[in-house]
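Novice: Input: one structure, supplied below.
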Amino acid sequence: MSELRRHAIDLDDFSAAEIEEILETAESMREVLGREIKQVPVLRGKTVVNMFFEESTRTRISFELAARALSANVVAFTARGSSVEKGESLVDTVRTLQALGADIIVMRHSQSGAPYLVARHFRGSLINAGDGRHAHPTQALLDLYTMRSRLGQIRDLNVVIVGDVLHSRVVRSNLWGLTRLGARVTLCGPPTLIGPAAFWTATWPTIRIVHELDPLLPEADVVMALRLQKERMQSGLLPALREYTRVYGLTAERLARLPKHAIVMHPGPMNEGIEIFPEVATASPAAIEEQVTNGVAVRMALLYRMAG
Amino acid sequence: MRYLIKNGTIIDPANRVATIGDILVANGKVERLYDLADLHSEREPLGSDVEVINARGCVVAPGFTDLHTHLRQPGEEHKETIASASAAAAVGGFTTLCARPTTRPTPDNAAAIRQLRELADRYGSVRIDLIGALTLGNEGRALSEMRELAEAGCIAFSDGGRTIADAALMRNAMAYAAALGLPVMVSCQDPHLAAGGVAHEGAVSIRLGLPGIPAAAEEAIVARDIALAEATGAHLHISRVSTAGSVALIRAARARGVRVTAEVTPHHLTLTDRWLLGWLEERNEIETGRPGAHPDLSLPSWLNPALLPPYDSSTRVEPPLRNIEHVEALIEGLRDGVIDAIAVDHAPHALVDRDCEYGIAPPGISGLETALALALTLVHRGELDIVNLIAKLTEGPAQVLNRSPANLRPGATADIVIFDPERSWVVDTDQFVSRGRNTPLRGQRLKGQVMLTMAAGKIVFRRDDFGRQAQAAPQPSRLEGILETE
Chain A
17 MSELRRHAID
27 LDDFSAAEIE
37 EILETAESMR
47 EVLGREIKQV
57 PVLRGKTVVN
67 MFFEESTRTR
77 ISFELAARAL
87 SANVVAFTAR
97 GSSVEKGESL
107 VDTVRTLQAL
117 GADIIVMRHS
127 QSGAPYLVAR
137 HFRGSLINAG
147 DGRHAHPTQA
157 LLDLYTMRSR
167 LGQIRDLNVV
177 IVGDVLHSRV
187 VRSNLWGLTR
197 LGARVTLCGP
207 PTLIGPAAFW
217 TATWPTIRIV
227 HELDPLLPEA
237 DVVMALRLQK
247 ERMQSGLLPA
257 LREYTRVYGL
267 TAERLARLPK
277 HAIVMHPGPM
287 NEGIEIFPEV
297 ATASPAAIEE
307 QVTNGVAVRM
317 ALLYRMAG
Chain B
5 MRYLIKNGTI
15 IDPANRVATI
25 GDILVANGKV
35 ERLYDLADLH
45 SEREPLGSDV
55 EVINARGCVV
65 APGFTDLHTH
75 LRQPGEEHKE
85 TIASASAAAA
95 VGGFTTLCAR
105 PTTRPTPDNA
115 AAIRQLRELA
125 DRYGSVRIDL
135 IGALTLGNEG
145 RALSEMRELA
155 EAGCIAFSDG
165 GRTIADAALM
175 RNAMAYAAAL
185 GLPVMVSCQD
195 PHLAAGGVAH
205 EGAVSIRLGL
215 PGIPAAAEEA
225 IVARDIALAE
235 ATGAHLHISR
245 VSTAGSVALI
255 RAARARGVRV
265 TAEVTPHHLT
275 LTDRWLLGWL
285 EERNEIETGR
295 PGAHPDLSLP
305 SWLNPALLPP
315 YDSSTRVEPP
325 LRNIEHVEAL
335 IEGLRDGVID
345 AIAVDHAPHA
355 LVDRDCEYGI
365 APPGISGLET
375 ALALALTLVH
385 RGELDIVNLI
395 AKLTEGPAQV
405 LNRSPANLRP
415 GATADIVIFD
425 PERSWVVDTD
435 QFVSRGRNTP
445 LRGQRLKGQV
455 MLTMAAGKIV
465 FRRDDFGRQA
475 QAAPQPSRLE
485 GILETE
């Protein structure tokens, strides 16, 4: 096994081999989660602080379950009601948590790049649970795990990511992971929610950017729909939700045009009836619940790589 | 006290002088300039009251003028004071600062200007000129009493870093300024196009997930303001130009005779948005194995963005650092004269305000102490000749202000800078005399340092014991080559 990882801020510094290793470990962690007593002593005596400056139910609970399954002490810190509301800076908050003995911080923050600031002021390990539009590495890892467990391997998969690409941290982390493991990625959505293609291909040269979803469907192995935030309409990025749904929504008709083996994913939370329809979300190609289940095992695997 | 600055390489763009020679300073004025031709001629003997300053190997130039300084006093003395800003100016070779109306209370009335004037006279060790607010509170809603401001001694009008969104109000402001004969200094950024943005919109902002500010946000307002200047006959000065499109617009406007001048900052001339990546940049290169793909490879090796962490708040400036295509267009604009001046946009902030998330960091760089060395990277790279660089710091700003340029002709005020263009140093913000330590250049090795600054004949900065001892041997310098081509 390669040397331990200190921080997990984005997948940009994960090699293909390291990602594979985590996905393998996640396999064993799933086995642990299937046992009567879902606990192993990997993080016994360690303190994990879940520091969430932005609301998130599934990611926070997923991390909490993962840390507990590894026997860590888990403390939840939410910005509401804390010293942050009284104007404490992020750096001061982190110093305080450090003084209180935190070994691992799991952080969700609304500002892109905030984890790099925290990592500079924290002697322990940091896991990014989502920062602004920048990165969400554990979501990408669990997406990769889900694709691999459903489709066998990532290499040469046609992955279509559709929706509000511009504002999505899930997309950016998935681009690092998917391209590094050899998938062919297409980003699809209205021009206002992607921006010029060259801005993306400068960093990820192998990807494609298109604005029409329908022609992609017959060739797709994976279709991942992104959450469309309703604020996007208020800021004039979209003319109407109805139009968005008509062109980009994952409807039963579109589902029918996918190859038999293809899977449908969504990082959640879903806007049912907008980017995805209820009958699609629960159909057999949908892997959305599996994504959530796999999230715990993958986060355990990452914590394991960081704590040994 | 009289000073004889000996054996320096005298570069005085306004008088088209570039020679090795001596300058005699007395009573706050340049008394005599001895050039090569005078070298062997008889001179009257020096009195005992003359201090000889040995400037061999160094450039001796008129003191620099900064068109764009944020003094912070009154109102934000924890960031900077007039005393610390003028000390920083002296370290950087600047003998004149033009204070933007961003202090508090906003200098939008004669009383506030008189208060500022008093503070500047009491605490300033270099010349400080005041720019009045264009609108009340810099809010872009109602014009300030511009005539009163002019009578109180303002040299120009500006709304600090803000763009007046209301084009009709802007037209009125320009019409007023035209009648008063003073320039309107604008920072151009369409507030809607730039809303929420913190980085240049492009590959880097996409990779980092930072809200972008498109080049068009600047260019749309530059175009608008040029049209208004053309219609009103006002003198429009475009502050901190940052895009290729702006340079093209200004070039075209000047070609048809519009009274428009422009400035660019040292950082927009030399740094790109890839500085926001910090050490992620290096990692990228290792990953892709394509060192040739690095768009900033033309930058000198001693400027290294990888010394910074990613998203370092010191790279947050307004307008944002752009990409290499824009930087090249700015250098071209500087070279061909479309851009008149290099202005620092000295914007000091306290550390406590800067050690924070990128999106909430206050924009700005504390730049007076690094401006010359940073701008000199263009000279060291062969992209700008040193005479032109000095002109952009002396003659250019004077033209923007419609005044006769600082120069070294006998009788001129002895505002003089002596700098060693080859001296290599590492930026250590702990050594800054400015209270603002916010700079992306911390830890960088730069080449070129001010050794001595004289303001109105008084030494306001002297590095170590500069010039007190005769140097043993002339240092071989690239300057000799530069002079031969003059």
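Note that the protein sequences, when read in sequence, are chains A and B.
Each number in the numbering used here corresponds to the 1-based position in the first sequence with 16 added.
Each number in the numbering used here corresponds to the 1-based position in the second sequence with 4 added.
Even for Gly, the Cβ is constructed at its ideal location relative to N, Cα and C.
Whole angstroms is fine: what's the gap from VAL226 of chain A's alpha carbon to ALA213 of chain A's?
Specialist: Position 210 of the first sequence holds residue 226 of chain A. Position 197 of the first sequence holds residue 213 of chain A. Between VAL226 of chain A and ALA213 of chain A, the C-alpha separation is close to 9 angstroms.
Novice: Would you say LEU380 of chain B lies against chain A (beta-carbon separation less than 8 angstroms)?
Specialist: Here residue 380 of chain B refers to the residue found at position 376 when the second sequence is read from its first residue. No, its Cβ sits nowhere closer than 8 angstroms to a Cβ of chain A.
Novice: Flag this pair as touching only if the segment 216-226 of chain A and the segment 201-215 of chain B have three or more C-beta atom pairs under 8 angstroms; answer yes or no.
Specialist: At 8 angstroms Cβ cutoff, the stretches touch.
Novice: If you draw a straight line from the alpha carbon of ALA238 of chain B to that of THR261 of chain A, how long is it in whole angstroms?
Specialist: Residue 238 of chain B sits at position 234 when you count from the first residue of the second sequence. Residue 261 of chain A sits at position 245 when you count from the first residue of the first sequence. If you take the alpha carbons of ALA238 of chain B and THR261 of chain A, they lie about 51 angstroms apart.
Novice: Given a cut-off of 8 angstroms, decide if HIS271 of chain B and LEU325 of chain B are closer than it, judged by their beta-carbon atoms.
Specialist: Position 321 of the second sequence, counted from the start, is the residue given in the question as residue 325 of chain B. Position 267 of the second sequence, counted from the start, is the residue given in the question as residue 271 of chain B. Yes, the Cβ-Cβ distance between LEU325 of chain B and HIS271 of chain B is below 8 angstroms.
Novice: Enumerated in chain order, which unbroken segments of the alpha helix (DSSP H) with a length of 4 residues or greater are wholly contained in the segment 128-158 of chain A?
Specialist: Complete alpha helix (DSSP H) runs here, min 4: 130-136.
Novice: Is the separation between the beta-carbon of VAL321 of chain B and that of ILE242 of chain B shorter than 8 angstroms?
Specialist: Taking the first residue of the second sequence as 1, we reach residue 321 of chain B at position 317. Taking the first residue of the second sequence as 1, we reach residue 242 of chain B at position 238. Their beta carbons are not under 8 angstroms apart, which means VAL321 of chain B does not touch ILE242 of chain B by this criterion.
Novice: If I measure Cβ to Cβ from GLY198 of chain A and keep anything under 6 angstroms in the same chain, skipping five residues before and after, which residues do I get?
Specialist: As a first step, residue 198 of chain A must be located in the first sequence, where it is residue number 182. The answer, listed in chain order, is ARG171.
Novice: Starting from the N-terminal side, write out each stretch of the beta strand (DSSP E) that is 3 residues or longer and does not extend beyond the segment 31-59 of chain B.
Specialist: With a minimum length of 3 residues, the continuous beta strand (DSSP E) runs that stay inside the segment 31-59 of chain B are 33-38, 54-58.
Novice: Grab the span of the alpha helix (DSSP H) containing GLY193 of chain A for me, first residue to last.
Specialist: As a first step, residue 193 of chain A is located in the first sequence; it is residue number 177 there, counting from the start. From DSSP, the alpha helix (DSSP H) with GLY193 of chain A extends over 185-196.
Novice: Which first and last residues belong to the alpha helix (DSSP H) in which SER90 of chain B is found?
Specialist: One-based indexing of the second sequence puts residue 90 of chain B at position 86. Where SER90 of chain B is concerned, the enclosing alpha helix (DSSP H) stretches over 86-96.
Novice: Taking the alpha-carbon of ALA248 of chain B as reference, which of B:LEU214, B:GLU329, B:ASP316, B:ALA203 has the nearest alpha-carbon?
Specialist: Along the second sequence, one-based indexing puts residue 248 of chain B at 244. Of B:LEU214, B:GLU329, B:ASP316, B:ALA203, the residue nearest in Cα terms is B:GLU329.
Novice: I'd like the list of long-range same chain contacts for PHE470 of chain B, defined as Cβ closer than 8 angstroms, with 5 residues on each side in sequence excluded.
Specialist: Numbered from 1 along the second sequence, position 466 holds the residue referred to as residue 470 of chain B. Within the same chain, PHE470 of chain B has close Cβ partners ILE57, ILE422, MET455, LEU456.
Novice: Ignoring anything shorter than 3 residues or poking outside the segment 190-277 of chain B, list the beta strand (DSSP E) runs there in chain order.
Specialist: With a minimum length of 3 residues, the continuous beta strand (DSSP E) runs that stay inside the segment 190-277 of chain B are 240-242, 264-268.
Novice: Using only the alpha-carbon positions, how far apart do ALA347 of chain B and ASP70 of chain B sit?
Specialist: If you number the second sequence from 1, residue 347 of chain B lands on position 343. If you number the second sequence from 1, residue 70 of chain B lands on position 66. Roughly 5 angstroms between the two C-alpha positions.
Novice: Could you list the residues in the segment 307-335 of chain B with a C-beta less than 9 angstroms from some C-beta on chain A, going in chain order?
Specialist: Residues PRO313, PRO314, TYR315, ASP316, SER317.
Novice: Report back the beta-carbon spacing between GLU291 of chain A and GLY265 of chain A to the nearest angstrom; my notes put them in contact at under 8 angstroms.
Specialist: Against the first sequence, residue 291 of chain A aligns to sequence position 275. Against the first sequence, residue 265 of chain A aligns to sequence position 249. About 6 angstroms separates the two Cβ atoms, so the contact holds.
Novice: I want to verify the contact list: residues of chain B whose CB lies under 8 angstroms from the CB of ARG136 of chain A, in sequence order.
Specialist: Start at 1 with the first residue of the first sequence, and residue 136 of chain A comes out as number 120. Within chain B, the residues near ARG136 of chain A are PRO313.
Novice: Are LEU411 of chain B and PRO66 of chain B close, meaning C-beta to C-beta below 8 angstroms?
Specialist: Within the second sequence, the letter at position 407 stands for residue 411 of chain B. Within the second sequence, the letter at position 62 stands for residue 66 of chain B. Per the sequence shown, the amino acid found at residue 411 of chain B is Asn instead of Leu. It is a contact, given that the beta carbons lie within the stated cut-off.
Novice: Using a Cβ-Cβ cut-off of 8 angstroms, state whether ASP133 of chain B counts as contacting chain A.
Specialist: If you number the second sequence from 1, residue 133 of chain B lands on position 129. Not closer than 8 angstroms to any Cβ of chain A, the Cβ of ASP133 of chain B fails to qualify, so no.
Novice: Check whether the Cβ atoms of LEU380 of chain B and PRO425 of chain B sit closer than 8 angstroms, and answer yes or no.
Specialist: Locating residue 380 of chain B in the second sequence gives position 376, where the first residue counts as 1. Locating residue 425 of chain B in the second sequence gives position 421, where the first residue counts as 1. Result yes, Cβ atoms of LEU380 of chain B and PRO425 of chain B sit closer than 8 angstroms.
Novice: At a Cβ cut of 8 angstroms, what residues of the segment 101-125 of chain A count as close to chain D, listed as they run along the chain?
Specialist: Given the protein chain composition of this structure (A and B), no chain D is represented.
Novice: By DSSP's criteria, VAL226 of chain A is part of a beta bridge. Which residues make up the other side?
Specialist: Position 210 of the first sequence, counted from the start, is the residue given in the question as residue 226 of chain A. Paired residues: A:CYS204.
Novice: Just reading off the beta strand (DSSP E) that PHE161 of chain B is part of, what are its end residues?
Specialist: Mapped onto the second sequence, residue 161 of chain B falls at position 157. Taken as a continuous stretch (DSSP letters only), the beta strand (DSSP E) holding PHE161 of chain B covers 160-162.
Novice: Compute the beta-carbon to beta-carbon distance between LEU240 of chain B and ILE230 of chain B, rounded to the nearest angstrom, for a pair I have assumed lies under 8 angstroms.
Specialist: Within the second sequence, numbered from 1, the residue matching residue 240 of chain B stands at position 236. Within the second sequence, numbered from 1, the residue matching residue 230 of chain B stands at position 226. Contact holds; Cβ gap of about 7 angstroms.
Novice: Is there a C-beta anywhere in chain A that falls below 8 angstroms from the one on TYR7 of chain B?
Specialist: The sequence position of residue 7 of chain B within the second sequence is 3, counting from 1. Output row for TYR7 of chain B: interface = no.
Novice: Whole beta strand (DSSP E) runs in the segment 54-127 of chain A with 3 or more residues, listed along the chain?
Specialist: Counting whole runs of 3 or more residues, the segment 54-127 of chain A contains the beta strand (DSSP E) stretches 63-68, 89-94, 120-125.
Novice: In chain A, which residues lie with their C-beta within 7 angstroms of the C-beta of ILE230 of chain B?
Specialist: On the second sequence, residue 230 of chain B is found 226 positions in, with the first residue counted as 1. What ILE230 of chain B touches in chain A: nothing, since even the nearest Cβ is about 26 angstroms away.
Novice: Take ASN89 of chain A and list the residues in its own chain whose beta-carbon comes closer than 6 angstroms to its own, dropping the five residues that flank it on each side.
Specialist: Taking the first residue of the first sequence as 1, we reach residue 89 of chain A at position 73. Answer for ASN89 of chain A: THR63, listed in chain order.
Novice: Less than 8 angstroms separating the beta-carbons of VAL494 of chain B and THR13 of chain B?
Specialist: The question about residue 494 of chain B has no answer, for chain B in this structure spans 5 to 490.
Novice: Tell whether a beta-carbon distance below 8 angstroms holds between ASN11 of chain B and ILE24 of chain B.
Specialist: Within the second sequence, numbered from 1, the residue matching residue 11 of chain B stands at position 7. Within the second sequence, numbered from 1, the residue matching residue 24 of chain B stands at position 20. Yes, these two residues count as a Cβ contact at 8 angstroms.
Novice: What residues of chain B sit near GLY211 of chain A, judged by a beta carbon separation below 7 angstroms?
Specialist: Indexing the first sequence from 1 puts residue 211 of chain A at position 195. Correct list: ILE210.
Novice: Between which two residues does the alpha helix (DSSP H) carrying PHE215 of chain A extend?
Specialist: Locating residue 215 of chain A in the first sequence gives position 199, counting from the first residue. Residues 213-217.
Novice: Comparing C-alpha positions only, which one of A:ALA236, A:PRO153, A:LEU106 sits nearest to GLN127 of chain A?
Specialist: Looking up residue 127 of chain A in the first sequence gives position 111. Checked all of A:ALA236, A:PRO153, A:LEU106; the closest Cα to GLN127 of chain A is A:LEU106.
Novice: Under 8 angstroms between beta-carbons, which chain B residues line up against PHE215 of chain A? List them in chain order, please.
Specialist: The count along the first sequence starts at 1 and reaches residue 215 of chain A at position 199. Within 8 angstroms Cβ-Cβ: GLU205, GLY206, ALA207, SER209, ILE210.
Novice: Taking C-alpha atoms, which residue in A:ARG243, A:VAL312, A:GLN169 lies nearest to ILE177 of chain A?
Specialist: Counting from 1 along the first sequence, the entry for residue 177 of chain A is found at position 161. Nearest option by C-alpha distance: A:ARG243.
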